[in-house]
Amino acid sequence: MRINVLQHTPNEGPGSIKTWADEHGDEFYVYHPETFGKLPTSDETDMLVILGGPMSPNDDLDWIKKERVLIQELLDQNKPIIGACFGGQQIAKTLGYNILDAPHKEVGWAPVYLKDKTISSIPEKLIALHWHEQMFEIPDGAKLLFSSDLVKNQGFLYKDNVVGLQFHFEPEEDNVREIAVNDSEYPLEANDLHQTGEEIIAYGVPKENKEVMFKILNYITKRR
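Residue numbers (numbering that gives the first Met the number 0): 0 to 223.
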């Protein structure tokens, strides 16, 4: 399987998604559309991963719009797609739903709660990394997958092959350090989780996050 990854900022990489792909022997290609202006075609994509970034789907930028064209083509072809943070918002926007300012800015570690048990064996409560101040509307026909204490719309499952997450399950220890040290000012600005970059790094990544990410990826790719 060829997995194409859209990475939007240098400090937010694929993390455990790459580990999962390596374990399955998949081809793994990482694109940087903001930097190089290049996207894969739908024909050369068996699965699409859309990562986070500081931009918004509401920004009037050509590459953001072109991403949504690709997403729509893959939706039409029923190919597996997973998006995290900006990526989840891009999926929702492609489906015709709004990206709004969230009622709270969440930056740091905080619980998310499972709201739908379609994907089996996911714990009722997990500690996820949040790094956002916007949120998606839940598309019609999608299932609300996760909520947090501060923001209801934290994840959705669309059909059986598309997942959008507002938070991050994919970072491993080195990824968290990379995110926090390079974006260290962001947690200090009106953050409703009241965590500094140093505190975020010191918390460590819960081991179950990688396990849950693998379960989600197995589900949308029918590896279950």
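Note that CB positions come from ideal geometry on N, CA and C, so glycine has one too.
Taking the alpha-carbon of residue i as reference, which of the options has the nearest alpha-carbon?
| i | options | result |
| --- | --- | --- |
| Gly52 | Thr8, Ser146 and Glu188 | Thr8 |
| Glu11 | Phe145, Val180 and Tyr218 | Val180 |
| Lys206 | Phe168, Pro56 and Tyr218 | Phe168 |
| Arg222 | Asn97, Pro13, Glu22 and Gly14 | Glu22 |
| Thr44 | Met54, Asp25, Gly196 and Val211 | Asp25 |
| Ser183 | Lys92, Trp130 and Gln89 | Trp130 |
| Lys214 | Tyr185, Ile98, Ile16 and Asp148 | Ile16 |
Leaving out the 5 sequence neighbours to the left and right, which residues in its chain are closer than 7 Å to residue i when beta-carbon positions are compared?
| i | result |
| --- | --- |
| Lys116 | none |
| Lys104 | Glu132, Ala189, Asn190 and Asp191 |
| Lys37 | Tyr30 |
| Tyr96 | Phe135, Glu136 and Pro138 |
What distance in whole Å lies between the Cβ atoms of residue j and residue i, which are believed to be in contact at a cut-off of 8 Å?
| i | j | result |
| --- | --- | --- |
| Phe164 | Ala83 | Here the sequence assigns Leu to residue 164, which means Phe is not the residue at that position. Leu164 to Ala83, Cβ: 5 Å. Contact. |
| Leu5 | Tyr30 | 5 Å |
| Gln89 | Pro56 | 5 Å |
Ignore the nearest five residues each way along the sequence and tell me which others in residue i's own chain have a CB closer than 8 Å to its CB.
| i | result |
| --- | --- |
| Glu172 | Gly203 and Val204 |
Given residue i, which residues of its chain have a CB within under 6 Å of its CB, disregarding the five upstream and five downstream residues?
| i | result |
| --- | --- |
| Leu216 | Trp19 |
| Tyr28 | Asn3 |
ask   = Unbroken beta strand (DSSP E) runs of length 3 or more, entirely within the segment 52 to 95: which are they?
value = Fully enclosed beta strand (DSSP E) runs of 3 or longer: 80 to 83.
task = Assess, as a yes-or-no matter, whether the segment 132 to 147 is touched by the segment 66 to 75 under the definition of 3 or more beta carbon pairs within less than 8 Å.
result = The segment 66 to 75, when compared against the segment 132 to 147, does not touch it at the 8 Å Cβ threshold.
inquiry  = Three Cβ pairs or more, each shorter than 8 Å: is that satisfied between the segment 96 to 113 and the segment 72 to 81?
reply    = No, the segment 96 to 113 is not in contact with the segment 72 to 81.
query = Is it true that the segment 143 to 157 meets the segment 116 to 134, where meeting means three or more beta-carbon pairs spaced less than 8 Å apart?
reply = Yes, since at least three Cβ pairs between the segment 143 to 157 and the segment 116 to 134 fall closer than 8 Å, the two stretches touch.
message = For the segment 149 to 164 against the segment 119 to 136, do three or more pairs of beta-carbon atoms, one drawn from each stretch, fall closer than 8 Å, so that the two count as touching?
response = Short answer: they touch.
query = In chain order, which continuous runs of the alpha helix (DSSP H) of length 4 or greater are located wholly inside the segment 169 to 208?
reply = Segments of the alpha helix (DSSP H) lying fully in the segment 169 to 208: 172 to 181 and 196 to 202.
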